[in-house]
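Protein sequences appear in the order of chains A and B. Residue numbering for the first sequence follows this note's numbering, starting at 1 and increasing by one per position. Residue numbering for the second sequence follows this note's numbering, starting at 644 and increasing by one per position.
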Amino acid sequence: MSDCCDTGGTVTLAPPRSKKRGQAPDQTPSKISTVALVGPPNCGKSTLFNRLTGLRQKVANYPGVTVEQHFGRMGGVGRGDLVLIDLPGIHSLHTFSEDARVAVDVLHGNMPGTPAPDAVLLVLDALHLNRQLMLAAPVLALGLPTLVLLNMADLMEAQGGKIDVLALARELGAPVAMICATKGKGLDAIARFVNRLSGSPEALAAPVQLPVLQNVASCRQWANGVSARTNYKAPLSSLWTRRLDAVLLHKVWGPLIFLGVVIGVFQVVFAAGLPLSNWLDKILSQAGGALAGIFPAHWLQVLVRDGVWNGMQAVMIFLPQILLLFLVIGILEDSGYLARAALIADRVMRSIGLNGKAFIPLLSAYACAVPAIMATRTIENKRDRMATILVAPFMTCPARLPIYTLMIAAFIPDRHILGDLFGMRAAVMLGLYLLGFLAALGTARLLKSSVLKASSAPFILELPQYRWPTFRSMGLRLLDRGGVFVKQTGTVILAVTFVLWLLSIVPFHAGEMASLTGSVIGRLGHFIEPAIRPLGFNWKVGIGLLSSVIAREVIVGTLGTLYGADPATHSLGLQAALRHDLTLGGAMALVVFFAFAMQCTSTLAVVRRETNSWKWPAAQFLYMTGLAYIAALGTNQLLLHLH
Amino acid sequence: MAATLHAKVLSDLPIGCCATLAALDLPEAIQGQLLHLGFVPETRVLALRRAPAGDPTVYCVDGAEIALRRETAQFIAVTSVCKADREALR
Numbered sequence: 001m002s003d004c005c006d007t008g009g010t011v012t013l014a015p016p017r018s019k020k021r022g023q024a025p026d027q028t029p030s031k032i033s034t035v036a037l038v039g040p041p042n043c044g045k046s047t048l049f050n051r052l053t054g055l056r057q058k059v060a061n062y063p064g065v066t067v068e069q070h071f072g073r074m075g076g077v078g079r080g081d082l083v084l085i086d087l088p089g090i091h092s093l094h095t096f097s098e099d100a101r102v103a104v105d106v107l108h109g110n111m112p113g114t115p116a117p118d119a120v121l122l123v124l125d126a127l128h129l130n131r132q133l134m135l136a137a138p139v140l141a142l143g144l145p146t147l148v149l150l151n152m153a154d155l156m157e158a159q160g161g162k163i164d165v166l167a168l169a170r171e172l173g174a175p176v177a178m179i180c181a182t183k184g185k186g187l188d189a190i191a192r193f194v195n196r197l198s199g200s201p202e203a204l205a206a207p208v209q210l211p212v213l214q215n216v217a218s219c220r221q222w223a224n225g226v227s228a229r230t231n232y233k234a235p236l237s238s239l240w241t242r243r244l245d246a247v248l249l250h251k252v253w254g255p256l257i258f259l260g261v262v263i264g265v266f267q268v269v270f271a272a273g274l275p276l277s278n279w280l281d282k283i284l285s286q287a288g289g290a291l292a293g294i295f296p297a298h299w300l301q302v303l304v305r306d307g308v309w310n311g312m313q314a315v316m317i318f319l320p321q322i323l324l325l326f327l328v329i330g331i332l333e334d335s336g337y338l339a340r341a342a343l344i345a346d347r348v349m350r351s352i353g354l355n356g357k358a359f360i361p362l363l364s365a366y367a368c369a370v371p372a373i374m375a376t377r378t379i380e381n382k383r384d385r386m387a388t389i390l391v392a393p394f395m396t397c398p399a400r401l402p403i404y405t406l407m408i409a410a411f412i413p414d415r416h417i418l419g420d421l422f423g424m425r426a427a428v429m430l431g432l433y434l435l436g437f438l439a440a441l442g443t444a445r446l447l448k449s450s451v452l453k454a455s456s457a458p459f460i461l462e463l464p465q466y467r468w469p470t471f472r473s474m475g476l477r478l479l480d481r482g483g484v485f486v487k488q489t490g491t492v493i494l495a496v497t498f499v500l501w502l503l504s505i506v507p508f509h510a511g512e513m514a515s516l517t518g519s520v521i522g523r524l525g526h527f528i529e530p531a532i533r534p535l536g537f538n539w540k541v542g543i544g545l546l547s548s549v550i551a552r553e554v555i556v557g558t559l560g561t562l563y564g565a566d567p568a569t570h571s572l573g574l575q576a577a578l579r580h581d582l583t584l585g586g587a588m589a590l591v592v593f594f595a596f597a598m599q600c601t602s603t604l605a606v607v608r609r610e611t612n613s614w615k616w617p618a619a620q621f622l623y624m625t626g627l628a629y630i631a632a633l634g635t636n637q638l639l640l641h642l643h
Numbered sequence: 644m645a646a647t648l649h650a651k652v653l654s655d656l657p658i659g660c661c662a663t664l665a666a667l668d669l670p671e672a673i674q675g676q677l678l679h680l681g682f683v684p685e686t687r688v689l690a691l692r693r694a695p696a697g698d699p700t701v702y703c704v705d706g707a708e709i710a711l712r713r714e715t716a717q718f719i720a721v722t723s724v725c726k727a728d729r730e731a732l733r
């Protein structure tokens, strides 16, 4: 692996960089500070980024997961002084979509706020080197010191592929190393590369010869030539991938398995998650009692238990279910099944006029609408992108899970339907997920046939090979997601429920706390009650709706606090208190309201950012809330008349 | 079967058959993307399987498996259609 130069190219490209980078051409820098990770989509850049920096960017087994640049320090190879930039995947330096433009701008040093990189780590997927090499020419032509990394080297060798690495280094005029980012193998080559760049400047002075590449076809020809001269033998396509696809994409079995997978996800979340939640609930109750017991004064005990602990506990107990959901989604993402799901669902997507590429952002909206809306940057067509942004919040994110689970567990009997396989509770949950999905489809249809009419963009999807999800990747993901949830509960929800509790005991009369109905919050609740009465909601739910505009899971904390503060329901658990206070119609109307309503400030903020206007998020909020109100009204009235 | 072996465009290529890509007649952006994914004239392409709904179709080109809708594949011309050998299909 040396910096040789001996190719039969047609033009010599001098290594010095343009003046924009702030360095004189004849003076090689003695120190580098910024390194960029470049490569085609789904070649493993973010996995490597996470390895090198110890950070945790989202990774998955499909193209287009990273849509903007991320920064980290290269502590993973002992160089915490160097900044590493992770970029969205690109096929070439001429690009059409927003995420790819980010990558190209950063590389050219044109991205405000991002330093121009001093060196490049070019990551290529060793399984598809023929076509991945096409990116090597324009990237090397940038003239930056470059280390070429052939990722998934272990898979390539296991499947009978091979390549002459030294010959490739000669052809490219850049050092080449084989790595395996998921297992962290071969990273020492990266350490040597950056250390040498900061150490001896001569290591850089290698004039590189590459052909001038105007169009894709000649670029392709060059890449083919290079892979032929380096004896590249592509690995046989994985036998397992073919065999699995024969079943998973089968005419009959494929859709059935798809359906089974979807149902299975809910069954796991309920059958395994609910007992865990109940167990956590007991533990937290005892912990809360013990914690309150520490304080000597009665009013302090009340403050700790009613003001702080009740609301937090009501939300925190859903942690097991949320983690389970992320585990299953993570397994589907990392294994490569999601790309197949996109293929199976393409027909539906097309019938509503949505871009095939919209499928993956919409699917990831099941985890959270915020990254999903950012992931729409991979959609080239502006109108298609806008439509996808506007419908993404209808997809059921885990923040709805607490209120869904609470209401279902309180109001739906635990009965089996379809034998022992499928419970009634899971069925209701599945119905709510379907409801959100149908609202998204209907809205997309509406938008595409009116304000956002556009010719349909093509569906071009590469099916990645199936891979085993690694324990490390799953573990990190759960840790992160759990951390976000706990942090949110410990900060936002804690603050909201505390303020609500305070408002529920003021104003004081002669040193006594106000009764709940006489308190500020009680008066406000009763003031808005007429508007929500037809939906089957009482004033406590109304306060919950108001407070959950911040984030959906806040409602559970609010209900926990308010029912805990009410003497009539103080001694009951939250589920029993709700059964005592609401009808089935009201309960189901509440979950239907949450299926549709836009109760999330983070999503509104990201829509504002991505659309560059307040017009879209405002319209989205009004539309979704209006739809939620009407649907909840319908649900309550329907159930009232059925009973 | 002999009649179907005269496919002129990729979307008409029967499953389990190979062809040589001749030309792409698509908007520049799409064409560029396809070329990068390996749909280059002179390359052999194999129609591997169709999605359960009958569309899109998964094509095997240059060791990668890529799904295209009929509406895209019908603008890709192919020549020398033949049945793929069993090794390629496995």
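By construction, the Cβ of each residue, glycine as well, lies at the ideal position given by its N, Cα and C atoms. All values reported here derive from a predicted model rather than from experimental measurement.
Applying a beta-carbon distance threshold of less than 9 angstroms, which residues of chain B neighbour F459 (chain A)?
For the purposes of this step, residue 459 (chain A) is taken as residue 459 along the first sequence, with counting starting at 1. Per Cβ cutoff of 9 angstroms: P699, A710, L711, R712, E714 and T715.
In terms of DSSP beta bridges, what is F295 (chain A) paired with?
Against the first sequence, residue 295 (chain A) aligns to sequence position 295. Answer is none; F295 (chain A) lacks a bridge partner.
Cutoff 8 angstroms: D705 (chain B) Cβ touching any chain C Cβ:
Structure shown: chain C not included; protein chains present are A and B.
Residue environment, N381 (chain A), which counts as buried when at least 16 other CB atoms sit within 10 Å:
Walking along the first sequence from the start, residue 381 (chain A) turns up at place 381. Buried, because 16 or more other Cβ atoms sit within 10 Å of the Cβ of N381 (chain A).
What are the start and end residues of the alpha helix (DSSP H) that includes K644 (chain A)?
Any answer about residue 644 (chain A) is impossible in this case: the structure gives chain A only from 1 up to 643.
DSSP on S238 (chain A), reduced to helix/strand/coil?
As a first step, residue 238 (chain A) is located in the first sequence; it is residue number 238 there, counting from the start. S238 (chain A): coil per DSSP, three-state reduction.
L248 (chain A) and R347 (chain A): beta carbons closer than 8 angstroms?
Start at 1 with the first residue of the first sequence, and residue 248 (chain A) comes out as number 248. Start at 1 with the first residue of the first sequence, and residue 347 (chain A) comes out as number 347. Taking 8 angstroms as the Cβ cut-off, L248 (chain A) and R347 (chain A) do not qualify as a contacting pair.
Please determine, among A:S285, A:S335 and A:A444, the residue with the shortest C-alpha to C-alpha distance to R385 (chain A).
As a first step, residue 385 (chain A) is located in the first sequence; it is residue number 385 there, counting from the start. Nearest option by C-alpha distance: A:A444.
With 8 angstroms as the threshold, decide whether the Cβ of A694 (chain B) is near any Cβ in chain A.
If you number the second sequence from 1, residue 694 (chain B) lands on position 51. It does; some Cβ of chain A falls within 8 angstroms.
What do you get for H679 (chain B), buried or exposed, if any count of 16 or more other CB atoms within 10 angstroms of its CB means buried?
One-based indexing of the second sequence puts residue 679 (chain B) at position 36. The residue in question, H679 (chain B), is buried, as its Cβ has 16 or more Cβ neighbours within 10 Å.
Applying the criterion that 16 or more other CB atoms from any shown protein chain within 10 Å of the CB defines a buried residue, is S33 (chain A) buried or exposed?
Translated into positions along the first sequence, residue 33 (chain A) becomes position 33. Counting the other CB atoms within 10 Å of its CB gives S33 (chain A) a total below 16, which places it among the exposed residues.
Where does the unbroken beta strand (DSSP E) through A650 (chain B) begin, and where does it stop?
The count along the second sequence starts at 1 and reaches residue 650 (chain B) at position 7. Where A650 (chain B) is concerned, there is no enclosing beta strand (DSSP E), given that its DSSP letter is neither H nor E.
Quick one: give me the first and last residue of the beta strand (DSSP E) that S723 (chain B) is part of.
Here residue 723 (chain B) refers to the residue found at position 80 of the second sequence. Where S723 (chain B) is concerned, the enclosing beta strand (DSSP E) starts and stops at I719 to K726.
Unbroken alpha helix (DSSP H) run spanning R481 (chain A), endpoints
Taking the first residue of the first sequence as 1, we reach residue 481 (chain A) at position 481. Residue range F471 to Q488 is occupied by the alpha helix (DSSP H) that includes R481 (chain A).
For K185 (chain A), which beta-bridge partners are listed by DSSP?
The sequence position of residue 185 (chain A) within the first sequence is 185, counting from 1. Answer is A:C180, bridged to K185 (chain A).
Taking Cβ positions, are L325 (chain A) and L401 (chain A) nearer each other than 8 angstroms?
Position 325 of the first sequence, counting from 1, holds the residue named residue 325 (chain A). Position 401 of the first sequence, counting from 1, holds the residue named residue 401 (chain A). Yes, Cβ-Cβ distance for L325 (chain A) and L401 (chain A) is below 8 angstroms.
Run through chain B and tell me which residues come within less than 8 angstroms of A217 (chain A), C-beta to C-beta.
As a first step, residue 217 (chain A) must be located in the first sequence, where it is residue number 217. Chain order gives the chain B residues near A217 (chain A) as L678, V683 and P684, where near means a beta carbon separation below 8 angstroms.
Take V65 (chain A) as the anchor and find which of A:G80, A:A100, A:L639 and A:K251 has the nearest alpha-carbon.
Taking the first residue of the first sequence as position 1, residue 65 (chain A) is located at position 65. Ranking the options by Cα distance to V65 (chain A), first place goes to A:A100.
Quick one: Cα of V288 (chain A) to Cα of W309 (chain A), how far?
On the first sequence, position 288 is the one that residue 288 (chain A) refers to. On the first sequence, position 309 is the one that residue 309 (chain A) refers to. It is worth fixing the name first, because residue 288 (chain A) is Gly in this sequence and not Val. If I take the Cα positions, the gap works out to 6 angstroms.
Counting C-beta neighbours from all protein chains within 10 Å, is the total for S46 (chain A) 16 or more, i.e. buried, or is it exposed?
In the first sequence, the residue the question calls residue 46 (chain A) occupies position 46. So S46 (chain A) ends up on the buried side.
Could you have a look at L150 (chain A) and say whether DSSP puts it in helix, strand or coil?
Mapped onto the first sequence, residue 150 (chain A) falls at position 150. If DSSP states are grouped into helix, strand and coil, L150 (chain A) belongs with the strands.
Using the rule of at least 16 other Cβ atoms within 10 Å of the residue's Cβ for burial, across every protein chain shown, is V484 (chain A) buried or exposed?
Taking the first sequence and counting its residues from 1, one reaches residue 484 (chain A) at position 484. So V484 (chain A) ends up on the exposed side.
If you run the structure through DSSP and keep just helix, strand and coil, what is H662 (chain A)?
No information on residue 662 (chain A) is available, as it lies outside the stretch 1 to 643 that chain A covers here.
Is the Cβ of K382 (chain A) closer than 8 angstroms to any Cβ of chain B?
As a first step, residue 382 (chain A) must be located in the first sequence, where it is residue number 382. No, its Cβ sits nowhere closer than 8 angstroms to a Cβ of chain B.
According to the Cβ coordinates, are T700 (chain B) and A720 (chain B) closer than 8 angstroms?
Within the second sequence, numbered from 1, the residue matching residue 700 (chain B) stands at position 57. Within the second sequence, numbered from 1, the residue matching residue 720 (chain B) stands at position 77. No, the Cβ-Cβ distance between T700 (chain B) and A720 (chain B) is not below 8 angstroms.
For a contact defined as C-beta to C-beta under 9 angstroms, what are the partners of N42 (chain A) on chain B?
Here residue 42 (chain A) is taken as the residue at index 42 of the first sequence, counted from 1. Correct list: empty, because the minimum Cβ distance to chain B is about 11 angstroms.
Just to check my reading of the structure: L144 (chain A) and A119 (chain A) have Cβ atoms closer than 8 angstroms, yes? What is that Cβ distance to the nearest angstrom?
Here residue 144 (chain A) is taken as the residue at index 144 of the first sequence, counted from 1. Here residue 119 (chain A) is taken as the residue at index 119 of the first sequence, counted from 1. With 8 angstroms as the limit, L144 (chain A) and A119 (chain A) qualify as a contact, their Cβ atoms being about 6 angstroms apart.
Within a Cβ cutoff of 7 angstroms, which residues of the same chain sit near P469 (chain A), ignoring the five residues on either side of it in sequence?
One-based indexing of the first sequence puts residue 469 (chain A) at position 469. Closer than 7 angstroms at the Cβ level, and outside the excluded window around P469 (chain A), lie G330, I331, D334 and S335.
Grab me the residues of R687 (chain B)'s own chain with a C-beta within less than 7 angstroms of its C-beta, minus the 5 sequence neighbours each way, in chain order.
The sequence position of residue 687 (chain B) within the second sequence is 44, counting from 1. For R687 (chain B), where only same-chain residues beyond five positions count, the Cβ hits under 7 angstroms are C661 and T663.
Between the CA atoms of T611 (chain A) and A426 (chain A) - distance to the nearest angstrom
Within the first sequence, numbered from 1, the residue matching residue 426 (chain A) stands at position 426. Within the first sequence, numbered from 1, the residue matching residue 611 (chain A) stands at position 611. One C-alpha to the other measures close to 36 angstroms.
Beta carbon of R109 (chain A) nearer than 8 angstroms to that of L140 (chain A):
Taking the first residue of the first sequence as 1, we reach residue 109 (chain A) at position 109. Taking the first residue of the first sequence as 1, we reach residue 140 (chain A) at position 140. Just to set this straight, residue 109 (chain A) is Gly in the shown sequence, not Arg. For G109 (chain A) and L140 (chain A), no; Cβs fall outside 8 angstroms.
Do T601 (chain A) and T497 (chain A) count as a contact pair if the criterion is CB distance below 8 angstroms?
Taking the first sequence and counting its residues from 1, one reaches residue 497 (chain A) at position 497. Taking the first sequence and counting its residues from 1, one reaches residue 601 (chain A) at position 601. No, these two residues do not count as a Cβ contact at 8 angstroms.
Output the distance between the C-alpha atoms of S198 (chain A) and W253 (chain A), rounded to the nearest integer angstrom.
Taking the first residue of the first sequence as position 1, residue 198 (chain A) is located at position 198. Taking the first residue of the first sequence as position 1, residue 253 (chain A) is located at position 253. S198 (chain A) and W253 (chain A): Cα-Cα distance of roughly 56 angstroms.
Name the DSSP beta bridge partners of E462 (chain A), please?
Mapped onto the first sequence, residue 462 (chain A) falls at position 462. Note: E462 (chain A) sits in a beta bridge opposite B:I709.
Which residues of chain B have a Cβ atom closer than 9 angstroms to the Cβ of N231 (chain A), listed in chain order?
Residue mapping note: residue 231 (chain A) aligns to position 231 of the first sequence, counting from 1. Result: empty, since nearest Cβ-Cβ is about 16 angstroms, beyond 9 angstroms.
First and last residue of the beta strand (DSSP E) that includes F71 (chain A)?
Here residue 71 (chain A) refers to the residue found at position 71 when the first sequence is read from its first residue. Its beta strand (DSSP E) spans residues H70 to M74.
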